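Step one of this worksheet: look at the structure below.
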Amino acid sequence: MNQTNALKRLATILEEAHSSGNQDKSSGSVLSKAMNIEAKPRNLIKFCALLNRAEEEARQLKHIGNHDKSIEEIGKLQYLFARSNIWSEKWKTFSDYIENKNIILIISFLADKFHSRNPKLLLSQGFLDELKKKFLSLLGEVQASDLSEPLKTDLNNKIEDVLTAISQYNFEGSGGLERTTNSLLGNLILTEPSLKDEDKENPIYKKFKGLVLGLGLFLSPNIYDIIGTVPVIEQFWLPKIEGITEKITSQSELNIKEISKQFEAEVKNISNEQRKKQISGKEELKTLPAAKEDTEITTDNKD
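Quick look at the structure:
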């Protein structure tokens, strides 16, 4: 199951470290390798933050078997890492604890339950790379533009925020990118009326609006509630985001409601096309798991 929540990312990191980590090496170096980051103390702050987010997600889950005990096990894991010197403690200490307490199994179970209730799209590295390329290119265009200096500075900061969210995807998931994008959209709506007319009409400013709005619509869970499918990212989403950018560039005002309607119509259209391909056997349809009422599974035999 493709997931992007903190619980799943934590389970994946622990599983990689547990299965491939050298038992005699320091825990810090093994975890750093599993997270694909440089083995430096400051970098493992990200692991601690991931542990905290995973616990927060787990606490949101109610009415599942052994919920309190599962939370307790995550808390014990946090305490173990907090009180240990992971740069001197051998990985064997943590690896044995993880195995004896079935930590990976417990966290994976919670991750599945959280995903079924809060589905988020798993973004491919190819999509993230293309998105980064687009915003880096836009950053250069903004800096070289004739926009007013205050707006130029503001857009520079906003683009940097998006680039940071993209770079933090492996730790924040799509939720971090979604929060950043929604914040930018809200800010656009509030600040645009006060902009100078020449700034509003500037093609670079409109291009920025288009990219942010396109990304915001793409990350919106409402789209997936409507159609229940996930079109292929590289073949669908990037072209659609580019299309939205072009539409906004040709408009004098930011009409998010109207563009949202157009976008939803296009998503429904591509969904119907994919269903036809699936029926004809030409393409497999990717579906999200049921997110509303699901059957709860207990873990009474998994202590």
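With the numbering used here, you'll find the sequence shown wraps up at 1056, consecutive numbering, no jumps. No residue lacks a Cβ here, since even glycine has one placed at the ideal position from N, Cα and C. This structure is a prediction, so every number in the text was calculated from the model and none was measured.
Legend entry - Rounded C-alpha distance that separates Ser-869 from Ile-859: Along the sequence shown, read from residue 1 onward, the residue named residue 869 stands at position 116. Along the sequence shown, read from residue 1 onward, the residue named residue 859 stands at position 106. The alpha-carbon atoms of Ser-869 and Ile-859 are separated by roughly 16 Å.
Inset, instruction - Could you pull out every residue in the same chain whose Cβ sits closer than 7 Å to the Cβ of Gly-969, ignoring the five residues on either side in sequence? - result: In the sequence shown, counting from the first residue as 1, residue 969 sits at position 216. Around Gly-969: Thr-934, Asn-935 and Leu-938.
Legend entry - Euclidean distance between Cα positions of Ala-792 and Asp-849: Here residue 792 is taken as the residue at index 39 of the sequence shown, counted from 1. Here residue 849 is taken as the residue at index 96 of the sequence shown, counted from 1. Ala-792 and Asp-849: Cα-Cα distance of roughly 22 Å.
Inset, instruction - Ignore the nearest five residues each way along the sequence and tell me which others in Lys-778's own chain have a CB closer than 8 Å to its CB. - result: Indexing the sequence shown from 1 puts residue 778 at position 25. The residues are Lys-843 and Trp-844.
Legend entry - C-alpha distance - Leu-767 paired with Gly-967, whole-angstrom precision: Here residue 767 refers to the residue found at position 14 when the sequence shown is read from its first residue. Here residue 967 refers to the residue found at position 214 when the sequence shown is read from its first residue. Spanning the two alpha carbons is a distance of roughly 35 Å.
Inset, instruction - For the segment 868–952, list the alpha helix (DSSP H) runs that are entirely contained and at least 4 residues long, ordered along the chain. - result: Correct list: 878–896, 902–920 and 922–944.
Legend entry - Paired residues, beta bridge with Ser-841 - DSSP: Mapped onto the sequence shown, residue 841 falls at position 88. The partner list for Ser-841 (beta bridge, DSSP) is empty, contrary to what the question assumes.
Legend entry - CA-to-CA distance, Asn-775 to Arg-836, given in whole angstroms: By 1-based counting over the sequence shown, the position of residue 836 is 83. By 1-based counting over the sequence shown, the position of residue 775 is 22. Annotation: Arg-836 to Asn-775 spans about 21 Å, alpha carbon to alpha carbon.
Inset, instruction - Return the chain-ordered list of same chain residues with a C-beta closer than 8 Å to the C-beta of Lys-905, the five sequence neighbours on each side being excluded. - result: Locating residue 905 in the sequence shown gives position 152, where the first residue counts as 1. In the same chain as Lys-905, and ignoring 5 residues on each side of it, the C-beta atoms closer than 8 Å to its own belong to Val-895, Gln-896 and Ser-898, in chain order.
Inset, instruction - Could you check which residue in Ile-824, Glu-945 and Phe-862 has the C-alpha nearest to that of Pro-903? - result: Along the sequence shown, read from residue 1 onward, the residue named residue 903 stands at position 150. Distances from the CA of Pro-903 to each of Ile-824, Glu-945 and Phe-862 were compared; the closest alpha carbon is that of Glu-945.
Legend entry - Alpha-carbon to alpha-carbon, Leu-964 and Glu-852: Residue 852 sits at position 99 when you count from the first residue of the sequence shown. Residue 964 sits at position 211 when you count from the first residue of the sequence shown. Roughly 45 Å between the two C-alpha positions.
Legend entry - Reference Lys-790; option with closest CA among Leu-900, Glu-810 and Asn-923: Position 37 of the sequence shown, counted from the start, is the residue given in the question as residue 790. Reading off the sequence, residue 790 comes out as Ile, not Lys. Considering only Leu-900, Glu-810 and Asn-923, the residue with the shortest C-alpha distance to Ile-790 is Asn-923.
Legend entry - Neighbourhood of Ser-780 by C-beta distance below 6 Å, restricted to the same chain and skipping five residues each side: In the sequence shown, residue 780 corresponds to position 27, counting from 1. If we look at Ser-780 and ignore the five residues flanking it on each side, its Cβ neighbours are Ile-839, Glu-842, Trp-844 and Phe-847.
Legend entry - Continuous alpha helix (DSSP H) assignments of at least 4 residues falling wholly in the segment 755–835: For secondary structure counted as the alpha helix (DSSP H) over 4 or more consecutive residues, the segment 755–835 holds these complete runs in sequence order: 759–773, 780–788 and 798–813.
Legend entry - Residue of Ala-802, Lys-885, Ser-782 and Pro-794 minimising C-alpha distance to Leu-763: The residue labelled residue 763 in the question sits at position 10 within the sequence shown. Comparing Cα positions, the closest option is Ala-802.
Inset, instruction - Ignore the nearest five residues each way along the sequence and tell me which others in Leu-892's own chain have a CB closer than 8 Å to its CB. - result: By 1-based counting over the sequence shown, the position of residue 892 is 139. Short of 8 Å from the beta carbon of Leu-892, and not among the five residues preceding or following it, lie these beta carbons of its own chain, in chain order: Asn-909, Ile-912, Glu-913 and Leu-916.
Inset, instruction - Would you mind giving the Cβ-Cβ distance between Ile-1059 and His-771, rounded to the nearest angstrom? I have them listed as a contact below 8 Å. - result: Lying outside 754 to 1056, the shown extent of the chain, residue 1059 is not represented and no answer is given.
Legend entry - From Leu-876, Lys-953 and Tyr-832, residue whose alpha carbon lies closest to that of Leu-930: Mapped onto the sequence shown, residue 930 falls at position 177. With respect to the C-alpha of Leu-930, the residue from Leu-876, Lys-953 and Tyr-832 having the closest C-alpha is Leu-876.
Inset, instruction - Can you tell me which of the three DSSP states Asn-955 falls into? - result: In the sequence shown, the residue the question calls residue 955 occupies position 202. DSSP places Asn-955 outside both helix and strand once states are collapsed to three, so it counts as coil.
Legend entry - Contacting residues, own chain, Cβ-Cβ under 6 Å from Phe-888 (five flanking each side not counted): Numbered from its first residue, the sequence shown carries residue 888 at position 135. Within the same chain, and ignoring the five residues on either side of Phe-888 in sequence, the residues whose Cβ sits closer than 6 Å to its Cβ are Ile-912, Val-915 and Leu-916.
Legend entry - Cβ-based neighbour list, Asn-796, same chain, cut-off 7 Å, excluding 5 preceding and 5 following: The residue labelled residue 796 in the question sits at position 43 within the sequence shown. Residues Ser-785 and Ile-790 of the same chain have their beta carbon placed closer than 7 Å to that of Asn-796, with the five preceding and five following residues left out of the count.
Inset, instruction - Rounded to whole angstroms, what's the CA-CA distance from Leu-881 to Thr-757? Just pull it up for me. - result: Position 128 of the sequence shown, counted from the first residue, corresponds to residue 881. Position 4 of the sequence shown, counted from the first residue, corresponds to residue 757. Distance between Leu-881 and Thr-757, taken at the CA atoms: about 14 Å.
Inset, instruction - Within 10 angstroms of the Cβ of Ser-861, are there 16 or more other Cβ atoms? Answer buried if so, exposed if not. - result: On the sequence shown, residue 861 is found 108 positions in, with the first residue counted as 1. Burial state of Ser-861 is buried, judged by a 10 Å Cβ sphere holding 16 or more other Cβ atoms.
Inset, instruction - Out of Ile-817, His-816 and Glu-808, point me to the one whose CA is closest to Lys-829's CA. - result: By one-based count along the sequence shown, residue 829 stands at place 76. Considering only Ile-817, His-816 and Glu-808, the residue with the shortest C-alpha distance to Lys-829 is Glu-808.
Inset, instruction - Return the CA-CA distance between Leu-760 and Lys-885, expressed in angstroms with no decimal places. - result: Counting from one through the sequence shown, the residue named residue 760 turns up at place 7. Counting from one through the sequence shown, the residue named residue 885 turns up at place 132. Their Cα atoms are separated by approximately 25 Å.
Legend entry - Contact check, Phe-867 vs Ala-811, beta carbons under 9 Å: Here residue 867 refers to the residue found at position 114 when the sequence shown is read from its first residue. Here residue 811 refers to the residue found at position 58 when the sequence shown is read from its first residue. In contact: Phe-867 and Ala-811 (Cβ atoms closer than 9 Å).
Inset, instruction - Could you check which residue in Leu-863, Ser-782 and Tyr-832 has the C-alpha nearest to that of Lys-815? - result: By 1-based counting over the sequence shown, the position of residue 815 is 62. Proximity to Lys-815 across Leu-863, Ser-782 and Tyr-832 peaks at Leu-863, based on C-alpha coordinates.
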